[in-house]
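Each residue of the sequence shown is one higher than the one before, counting from 140 in our numbering.
Right, one structure below, let's go through it.
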Amino acid sequence: MKPGTDWKNSYRANVFEEIPCGIVVIDRNLRIVDQNLAFTNIFGDGRGQTCYEVTRGRHTPCAECLAEQTFRDGQRRSREAMGVDPAGKPVHHLVQITPIRDETGNVPFVAALTTDLSATKRLQREYQTLFEKVPCYVTVVNRDYRVVKANTLFRKVFGEPTGEHCYQLFKRRHERCPECPAEQTFLDGGSHTSSHVGITRDGTAAHYVVSTAPLVQTDGETTHVIEMALDVTRLHRLEAELLRANALREALVENSPYAILILDQRRRVVLANRAAEKLWDCDRSTLIGHTLPRRAIACRLDEIVGRNGGPAPLVDSTIVTAKGVEIPVRLSGFTLHPVEGERSTAIIAQDLREIRTLEREKLDAERLAAVGQTVAGLAHGIKNILTGLEGGMYVTSGGLARHDEARVKQGWEMLERNIGRVSALVKNLLAFSRGDEPKPRLVRPAAIVADVVSLFKELAEQHDLVLETEISDVAPASMDAEGIHTCLTNLISNAFDACLVSHKPMCRVLVTLREENEEIIFEVTDTGCGMDYEVKQKAFTSFFTTKGSGGTGLGLLLTRKIVQQHGGSVTFESSSNEGTTFRLRFPRRRLPPPVEEEHNGS
């Protein structure tokens with residue numbers, strides 16, 4: 140061996156072992172005669188075994204063995220192949236076969252260089268899976284802006300690319316987009332993002348946000364760009380719907396005839412509409428961002444806000460304007476529960492000034508209409524009374540002329556009876572027409588019922604009528620005691636008359652008092668003669684009476700007037716020959732506030 144040969148052999152041995160790809164030397168029997176460390180790390184120690192046993196786990200040579208072909212013609216060959224490691228796991232590798240010649244030019248051995256591609260192929264599969272399955276449109280465009288590759292979602296929505304430009308596929312355009320993020324990436328090699336509207340293969344608009352990045356660079360120049368477009372069509376549609384809903388809400392709130400305020404938990408105003416400006420008589424800039432004064436709303440907020448998600452109550456109260464003017468209002472409120480952030484309270488206020496004026500005008504109009512009807516019926520009523528008086532005078536005069544005491548007594552009774560009718564007629568007319576305002580005080584409704592019923596007990600016993608009561612313990616309420624007393628007296632008197640007319644044995648009159656849903660309810664029920672359809676239609680008509688000469692026809696009109704002055708209502712149910720129930724309902728929220736007691740100095 141020449142000097143330096145040992146050094147060269149040592150160098151070659153080191154290179155053989157340290158080279159990062161697997162190398163094996165295979166003889167003509169396809170047995171491995173030598174291998175380096177990299178090959179051992181991939182397939183294990185295979186010296187003395189055939190290459191197909193070590194790399195493929197086979198017992199027979201491969202069908203198209205590259206080593207055998209190289210032994211035959213001495214040509215280099217390469218291809219990708221699938222093998223197995225000692226643990227049985229697949230190994231994707233690139234094998235390159237090179238002949239090793241001797242001094243005579245024959246090929247006694249071949250060298251097989253093996254490069255493990257498993258990690259590379261795994262990354263390629265992962266990249267391809269990500270490319271295809273990512274939930275956005277992914278395309279690769281070249282410098283001509285032609286789409287050279289597109290993922291599944293893009294092909295499904297915009298169609299299969301066959302060399303078209305990106306602007307043709309995305310937007311059905313025939314020229315490049317004015318603001319093209321891909322162009323910017325080609326120019327500066329950076330990433331760019333912008334929003335666009337495209338047209339899908341079925342002609343519908345698609346809103347998307349596209350981001351571009353350089354994909355392939357050659358000699359510092361970007362040759363391809365990857366475009367990733369996130370479809371935001373649904374988000375855009377939801378934003379448009381939200382904008383429309385907000386515009387509608389703002390229009391409804393701003394143009395509502397009711398004043399609307401929204402207060403935060405510190406009672407600061409965060410929203411006020413135009414009607415609120417008008418009602419509180421101030422610019423909304425002086426409301427929004429400022430704490431609502433306590434005196435601005437007479438009642439407490441918890442009185443007008445629905446509890447536990449229930450319906451919001453309607454509360455008649457007052458507000459005080461910025462100039463100190465007190466205004467009657469109807470208030471309602473509810474709590475707003477946002478997804479995030481603190482709760483707030485919405486207050487809705489209805490200005491009752493016009494309604495109160497209309498109510499007064501309506502009562503005045505009804506009173507005037509009734510008076511007008513009275514004029515029509517007054518002549519007839521007075522004529523009947525005068526006829527009775529003339530008859531009484533005639534009988535009395537005849538008795539005096541003949542010294543007939545019985546006839547004088549009969550005539551005098553006729554005079555007394557008709558004078559009583561005159562008195563009743565005048566009193567009822569005055570009571571109905573004078574328009575006295577009620578004088579409400581805090582009274583116990585049960586005490587009024589008990590007092591009225593006590594007046595009729597003796598009369599009930601005289602006529603064998605059953606007078607009963609069902610009185611609940613109703614809390615004190617703001618009422619005109621004399622007015623309610625008059626109403627109940629009229630109704631019980633009518634019930635007695637209906638029982639007497641029916642001639643039923645042990646006819647029953649029941650007076651009840653109860654409270655339901657913040658409503659005080661008085662009922663007077665009788666089992667008397669009842670009313671037919673025609674009588675029910677005329678029940679509240681002036682001068683209509685079923686009592687013949689004993690009634691004025693103003694009792695129910697007066698009752699309805701008093702009830703309406705208390706913010707209540709009168710209803711009745713009646714069946715002919717079965718009986719009648721009159722019902723007076725007084726919602727507490729509509730009762731007039733109690734007037735201050737008058738104190739006379741001594």
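Backbone N, C-alpha and C define an ideal beta-carbon position, used for all residues, glycine too.
May I ask you to report which of helix, strand or coil DSSP gives residue 276?
Here residue 276 corresponds to residue number 137 of the sequence shown, with the count starting at 1. DSSP places residue 276 in strand when its eight states are reduced to three.
As an exercise, report each continuous beta strand (DSSP E) stretch of at least 3 residues that is fully enclosed by the segment 434-476, in chain order.
DSSP runs (the beta strand (DSSP E)) wholly in the segment 434-476: 454-459, 465-475.
Drop a sphere of 10 angstroms on the beta-carbon of residue 494, count the other beta-carbons inside from all chains shown, and report buried for 16 or more, exposed for fewer.
Counted from its first residue, the sequence shown places residue 494 at position 355. Its Cβ having fewer than 16 others within 10 Å, residue 494 is exposed.
State buried or exposed for residue 779, treating a residue as buried only when at least 16 other CB atoms are found within 10 Å of its CB.
Because the chain in this structure spans residues 140 to 741, residue 779 falls outside the shown range and cannot be described.
With 16 as the cutoff for other CB atoms within 10 Å, does residue 699 come out buried or exposed?
Working through the sequence shown from its first residue, we reach residue 699 at position 560. Classification for residue 699: buried.
Which residue wins for smallest C-alpha separation from residue 647, given the options 605, 418, 696?
Residue 647 sits at position 508 when you count from the first residue of the sequence shown. It is 605 whose Cα lies nearest to the Cα of residue 647.
Specify whether the segment 408-420 and the segment 376-385 touch according to this definition: at least 3 beta carbon pairs, one from each stretch, less than 8 Å apart.
Result no; under three Cβ-Cβ pairs closer than 8 Å.
Answer yes or no: do residue 730 and residue 706 have a C-beta to C-beta separation smaller than 8 Å?
Here residue 730 is taken as the residue at index 591 of the sequence shown, counted from 1. Here residue 706 is taken as the residue at index 567 of the sequence shown, counted from 1. Yes; because the gap between Cβ atoms is below 8 Å, this pair is in contact.
Less than 8 Å separating the beta-carbons of residue 303 and residue 285?
In the sequence shown, the residue the question calls residue 303 occupies position 164. In the sequence shown, the residue the question calls residue 285 occupies position 146. Closer than 8 Å, so yes.
Mind checking whether the beta-carbon of residue 375 lies closer than 7 Å to any heavy atom of the ligand FMN?
This structure lacks the ligand FMN, and indeed carries no ligand of any kind.
Excluding sequence positions up to five away, which residues of its chain have a Cβ less than 7 Å from the Cβ of residue 354?
Taking the sequence shown and counting its residues from 1, one reaches residue 354 at position 215. Here the set comprises 279, 363, 364, 365.
What are the boundary residues of the alpha helix (DSSP H) that includes residue 624?
Your numbering for residue 624 matches position 485 in the sequence shown. Residue 624 -> alpha helix (DSSP H) spans 620-641.
Return the chain-ordered list of same chain residues with a C-beta closer than 6 Å to the C-beta of residue 653, the five sequence neighbours on each side being excluded.
Looking up residue 653 in the sequence shown gives position 514. Same-chain partners within the cutoff: 611, 660.
Along the chain, where does the beta strand (DSSP E) that runs through residue 288 open and close?
Here residue 288 corresponds to residue number 149 of the sequence shown, with the count starting at 1. It spans 286-289 - the beta strand (DSSP E) in which residue 288 sits, taken as one unbroken run.
Let me make sure I understand the geometry here. Which of 327, 413, 338 has the alpha-carbon closest to that of residue 744?
Absent from the model: residue 744. The displayed extent of the chain is 140 to 741, so no value can be given.
Just how far apart, CA to CA, sit residue 253 and residue 343?
What you label residue 253 is simply residue 114 of the sequence shown in a count that begins at 1. What you label residue 343 is simply residue 204 of the sequence shown in a count that begins at 1. Going from the Cα of residue 253 to the Cα of residue 343 covers about 53 Å.
Which of the three DSSP states is assigned to residue 431 in this structure?
Locating residue 431 in the sequence shown gives position 292, where the first residue counts as 1. Three-state DSSP puts residue 431 in coil, outside helix and strand.
With a 10 Å radius around its C-beta and 16 neighbouring C-beta atoms as the bar for buried, classify residue 681 as buried or exposed.
In the sequence shown, residue 681 corresponds to position 542, counting from 1. Because residue 681 carries a pLDDT of 49, less than 50, the predicted location of this residue cannot be relied on, and the following value inherits that uncertainty. So residue 681 counts as buried.
Is the beta carbon of residue 368 sitting closer than 8 Å to the one on residue 336?
Indexing the sequence shown from 1 puts residue 368 at position 229. Indexing the sequence shown from 1 puts residue 336 at position 197. Contact: no.
Within the same chain, show all residues whose beta-carbon is closer than 7 Å to that of residue 592, passing over the 5 residues directly before and after it, in chain order.
Within the sequence shown, the letter at position 453 stands for residue 592. 606, 608, 650, listed in sequence order.
CB-CB under 8 Å to residue 171, same chain, minus the five flanking residues each way: which ones, in chain order?
Numbered from its first residue, the sequence shown carries residue 171 at position 32. These residues qualify, in order along the chain: 163, 164, 165, 185, 186, 187, 188, 189, 190, 193.
Would you check if the segment 316-336 and the segment 394-407 touch, i.e. whether three or more CB-CB distances between them fall below 8 Å?
Because the criterion of three Cβ pairs below 8 Å is not met, the segment 394-407 and the segment 316-336 do not touch.
Would you call residue 429 buried or exposed, if buried means 16 or more other Cβ atoms sit within 10 Å of its Cβ?
Your numbering for residue 429 matches position 290 in the sequence shown. Classification for residue 429: exposed.
Run the CB neighbour count on residue 153, radius 10 Å, all protein chains shown included, and call it buried at 16 or more, exposed below.
To locate residue 153, count along the sequence shown from 1; it is residue 14. With fewer than 16 other Cβ atoms within 10 Å, it is exposed.
Would the beta-carbon of residue 657 fall within 8 Å of that of residue 727?
Numbered from 1 along the sequence shown, position 518 holds the residue referred to as residue 657. Numbered from 1 along the sequence shown, position 588 holds the residue referred to as residue 727. Yes. Within cutoff.
On a Cα-Cα basis, can you pick out the residue from 371, 332, 487, 475 that is closest to residue 457?
In the sequence shown, residue 457 corresponds to position 318, counting from 1. Ranking 371, 332, 487, 475 by Cα distance to residue 457 puts 487 first.
If residue 200 and residue 177 are in contact, beta carbons under 8 Å, what's the gap, nearest whole angstrom?
Here residue 200 is taken as the residue at index 61 of the sequence shown, counted from 1. Here residue 177 is taken as the residue at index 38 of the sequence shown, counted from 1. Contact doesn't hold; Cβ gap of about 24 Å is too wide.
If you draw a straight line from the alpha carbon of residue 423 to that of residue 507, how long is it in whole angstroms?
Within the sequence shown, the letter at position 284 stands for residue 423. Within the sequence shown, the letter at position 368 stands for residue 507. So the alpha carbons of these two residues sit roughly 43 Å apart.
In whole angstroms, give me the CA-to-CA distance for residue 718 and residue 665.
Indexing the sequence shown from 1 puts residue 718 at position 579. Indexing the sequence shown from 1 puts residue 665 at position 526. Rounded to the nearest angstrom, the two C-alpha atoms are 5 Å apart.
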